[in-house]
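Residue numbers (the UniProt record's numbering): 1 to 671. Worksheet: the structure to be examined is printed underneath.
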């Protein structure tokens, strides 16, 4: 019987036939796919023909179908629906894949042919896009170590393999800690909790096989518990478990792994001639240098810390009015901030949530895309990897654009957080292919499922990434969709969040789960008025994480990352009642892979642009201005990595932005 991972997928839109794939198919399929890809690379490297753009660069751009199919399916289910077998396979696959791709970068014959094309680029009649692909290919090989010789070359391959193993181990340790911890609640412990939190806790208890409600480490459950539980002892217990992920000792402890990863990254940078890993990593980003990143972060830090310090005094007074003496603690902040929000803005999240139904927010995200870009969404009935998943065909003017898959609910088999990935990216070479895009979130299940305001923003954020993939219109897959600089990739996603706050969007789609009535105007005004509530806290916990990430990589690698983390927080004057959004042992953005290493700042860098970009709509005809929407698609969403991002943003806006729009947008300075 043929392996379904290797066969041509004769399915609607060539979506993976998940109902025909078993975990036993992955290992033999990967072995065969790696062999097929190696043969493809060898043919390019050892060709007797003179090197040309077509037989070298375009040959490399020709995907190995078998390998793409195996990897897209495996990493989709490994992240969103893992099990012990898949975790075992991931540990097995990581070093193999690292070795495979390192061998390609280290292939001297292949690099010689790439360099030959690069050296003759001035004489070649290449399009702008082809020139960009050539530059990125050559640069990628050089930065990957292709020019290294002898012991340095061997050591680079060893480092890459070890980093892949450690990144997988870090991720799996974190998932194990999140999956194993829960806190049982008695009926008395539920007192004071809104109905939606009680419902979520009961559902979590059922999933854990307990006969009682539980609090888990899923953000969609633990955050509202910390917001609403009047039981300070239970808040403390839950918060400490949340903060201790990856640092509980034993086999799942990530602290030694983080130290080894940082040391290996430093060595990798030194082998390539860079002073440190931050200098290496940021060279290809918009920011370019650690100094530019630190300058932005500290400018935002000063304003946000000042606001957080003021807020801490207010919350401490509220706590003491409740008869609790002593200092405000991290497990107190969300509880008293929620009470303050209710008092100052008369906004009760328990009353707000019924207006934020998941299905209606999905409709809202689709409707905005329809008004802005002419996209239409029709449900698809196809087998997917989990019963919670849903799929839609995306069309424009009757023509197929993409397949969009949404996987929205938290479960123990899914890693925490939210993300967007493409099972297939848009391309026109060697043949036209439309993207298959997935949004994965971790919302609490319910009937109907109700979102917090932060959940709804997350949904719009991830759909912004999806639009970047779906509206891509380039020739080559390597520069398609979100294949852009890390500090530019968050622009489309963060920009799309703004449409959630457009009053006419909420008026149409924020309807009550029981009555169907639209959100009252008074509540709508309160929601929008409170949009920047507690922004000092939110900004401080984020910027602190970004500064620690930068400090880890901008200089000698710390032998004790936890001590270095403490030093950085002391230097910047971290408020005692706020912790980093991602402390080192569970900082998956930075340690699960190189993706956001020395680059966690990129959300803030992109926010400087997204605040300014949405202002362009407001200055024109409003949130749905057709001319601005067309410019956004033309200059940013459709272009992928085909043009330098600085040029793209300037083409859209006419200039680069300053930090002022961000600070005003977050309410950290006066208008």
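C-beta atoms are modelled at their ideal positions from N, C-alpha and C, and glycine is treated no differently. The structure displayed is predicted, hence computed values, not measured ones.
Buried or exposed: which applies to residue 481, given that a residue is buried once 16 or more other Cβ atoms fall within 10 Å of its Cβ? If you number the chain shown from 1, residue 481 lands on position 481. The residue in question, residue 481, is buried, as its Cβ has 16 or more Cβ neighbours within 10 Å.
Per-residue burial, residue 120 [other beta carbons within 10 Å of its own, 16 or more giving buried]: Here residue 120 refers to the residue found at position 120 when the chain shown is read from its first residue. So residue 120 ends up on the exposed side.
If you compare alpha carbons, which of 118, 296, 43 is closest to residue 135? Residue mapping note: residue 135 aligns to position 135 of the chain shown, counting from 1. The residue with the shortest Cα to Cα distance from residue 135 is 118.
Does the beta-carbon of residue 154 have 16 or more other beta-carbons within 10 angstroms, so that it is buried, or is it exposed? Locating residue 154 in the chain shown gives position 154, counting from the first residue. Exposed, by the Cβ-count rule.
Every unbroken beta strand (DSSP E) inside the stretch 152-221 [3 residues or more]: 182-184, 214-216
Would you tell me roughly how many angstroms separate the C-alpha atoms of residue 131 and residue 300, rounded to the nearest one? Taking the first residue of the chain shown as position 1, residue 131 is located at position 131. Taking the first residue of the chain shown as position 1, residue 300 is located at position 300. About 37 Å.
For residue 468, the three-state DSSP class (helix, strand or coil): Counting from 1 along the chain shown, the entry for residue 468 is found at position 468. Residue state, collapsed to three classes: helix.
Terminal residues of the beta strand (DSSP E) in which residue 37 lies: Here residue 37 refers to the residue found at position 37 of the chain shown. Unbroken run through residue 37 is the alpha helix (DSSP H), 26-45; no beta strand (DSSP E).
Residue 178 and residue 218 closer than 9 Å at C-beta: If you number the chain shown from 1, residue 178 lands on position 178. If you number the chain shown from 1, residue 218 lands on position 218. Cβ distance < 9 Å, so residue 178 and residue 218 count as in contact.
Quick one: is residue 406 buried, meaning 16 or more other Cβ sit within 10 Å of its Cβ, or exposed? The count along the chain shown starts at 1 and reaches residue 406 at position 406. Classification of residue 406: buried, given that the 10 Å Cβ count is 16 or more.
Who are residue 507's beta bridge partners in DSSP? Taking the first residue of the chain shown as position 1, residue 507 is located at position 507. Per DSSP, none; premise fails for residue 507.
Taking all protein chains shown into account, decide if residue 398 is buried (16 or more other Cβ within 10 angstroms of its Cβ) or exposed. Residue 398 sits at position 398 when you count from the first residue of the chain shown. Looking at its Cβ environment, which holds fewer than 16 other Cβ atoms inside 10 Å, residue 398 is exposed.
Secondary structure of residue 9, DSSP reduced to three states: As a first step, residue 9 is located in the chain shown; it is residue number 9 there, counting from the start. Of the three classes helix, strand and coil, the one that applies to residue 9 here is coil, per DSSP.
Does residue 438 come out as helix, strand or coil in the three-state DSSP assignment? Numbered from its first residue, the chain shown carries residue 438 at position 438. Correct three-state label for residue 438: strand.
Pull up the distance between the alpha-carbon of residue 14 and that of residue 85, whole angstroms please. Along the chain shown, read from residue 1 onward, the residue named residue 14 stands at position 14. Along the chain shown, read from residue 1 onward, the residue named residue 85 stands at position 85. Approximately 26 Å between the Cα atoms of the pair.
Confirm, please, whether the CB-CB distance from residue 346 to residue 575 is below 9 Å. Position 575 of the chain shown, counted from the start, is the residue given in the question as residue 575. Position 346 of the chain shown, counted from the start, is the residue given in the question as residue 346. Not in contact: residue 575 and residue 346 (Cβ atoms no closer than 9 Å).
Can you give me the start and stop residues for the alpha helix (DSSP H) that residue 137 sits inside? Working through the chain shown from its first residue, we reach residue 137 at position 137. Where residue 137 is concerned, the enclosing alpha helix (DSSP H) stretches over 128-143.
Using the Cα positions of residue 630 and residue 479, report the straight-line distance between them to the nearest angstrom. Within the chain shown, numbered from 1, the residue matching residue 630 stands at position 630. Within the chain shown, numbered from 1, the residue matching residue 479 stands at position 479. Straight-line Cα distance between these residues: approximately 21 Å.
Below 6 Å CB to CB, which residues in the same chain sit around residue 735 once its five sequence neighbours on both sides are set aside? Here the chain covers residues 1 to 671 and nothing more, so residue 735 does not appear.
Pairwise C-alpha distance: residue 142 and residue 678: The structure shown has nothing for residue 678, since the chain only spans 1 to 671.
Measure the alpha-carbon distance for residue 93 versus residue 502 and round it to whole angstroms. For the purposes of this step, residue 93 is identified with residue 93 of the chain shown, where counting begins at 1. For the purposes of this step, residue 502 is identified with residue 502 of the chain shown, where counting begins at 1. So the two alpha carbons sit approximately 45 Å from each other.
For residue 113 and residue 274, I'd like the C-alpha separation in whole angstroms. Here residue 113 refers to the residue found at position 113 of the chain shown. Here residue 274 refers to the residue found at position 274 of the chain shown. Looking at the two C-alpha atoms, the distance is approximately 25 Å.
When the Cα atoms are used, what is the spatial distance from residue 8 to residue 70? Within the chain shown, residue 8 is the residue found at index 8, counting from 1. Within the chain shown, residue 70 is the residue found at index 70, counting from 1. Their Cα atoms are separated by approximately 12 Å.
For residue 429, name the three-state secondary structure that DSSP assigns. For this step, residue 429 is matched to residue 429 along the chain shown. Three-state result, residue 429: coil.
I need the straight-line Cα distance from residue 373 to residue 156, nearest angstrom please. In the chain shown, residue 373 corresponds to position 373, counting from 1. In the chain shown, residue 156 corresponds to position 156, counting from 1. Roughly 45 Å between the two C-alpha positions.
Taking contact to mean at least 3 C-beta pairs separated by less than 8 Å, is the stretch 223-235 in contact with the stretch 463-471? no
Exposure label - residue 298; buried when at least 16 CB within 10 Å: Residue 298 sits at position 298 when you count from the first residue of the chain shown. Flag for residue 298 reads exposed.
Take residue 96 and list the residues in its own chain whose beta-carbon comes closer than 8 Å to its own, dropping the five residues that flank it on each side. Working through the chain shown from its first residue, we reach residue 96 at position 96. Excluding positions up to five away in sequence, the list reads 30, 34.
Taking three-plus beta-carbon pairs below 8 Å as touching, is the stretch 402-421 in contact with the stretch 435-449? yes
Hey, could you find the ends of the alpha helix (DSSP H) residue 407 is sitting in? Walking along the chain shown from the start, residue 407 turns up at place 407. Unbroken run through residue 407 is the beta strand (DSSP E), 399-409; no alpha helix (DSSP H).
Anyone know if the C-beta pair for residue 451 and residue 365 falls short of 9 Å? By one-based count along the chain shown, residue 451 stands at place 451. By one-based count along the chain shown, residue 365 stands at place 365. For residue 451 and residue 365, no; Cβs fall outside 9 Å.
Reduced DSSP secondary structure (H/G/I, E/B, other) of residue 628: Position 628 of the chain shown, counting from 1, holds the residue named residue 628. Reduced to three states, the DSSP call for residue 628 is helix.
Given 8 Å, three or more beta-carbon pairs between the stretch 346-360 and the stretch 523-533: yes
What is the residue span of the beta strand (DSSP E) that residue 380 lies within? Locating residue 380 in the chain shown gives position 380, where the first residue counts as 1. Unbroken beta strand (DSSP E) run through residue 380: 375-380.
Exposure label - residue 639; buried when at least 16 CB within 10 Å: Counting from one through the chain shown, the residue named residue 639 turns up at place 639. By the 10 Å Cβ count, residue 639 comes out buried.
For the beta strand (DSSP E) that residue 394 lies in, which residues bound it at each end? Sequence index remark: in the chain shown, residue 394 carries index 394 (1-based). Looking at the DSSP string, the run of the beta strand (DSSP E) that includes residue 394 is 390-396.
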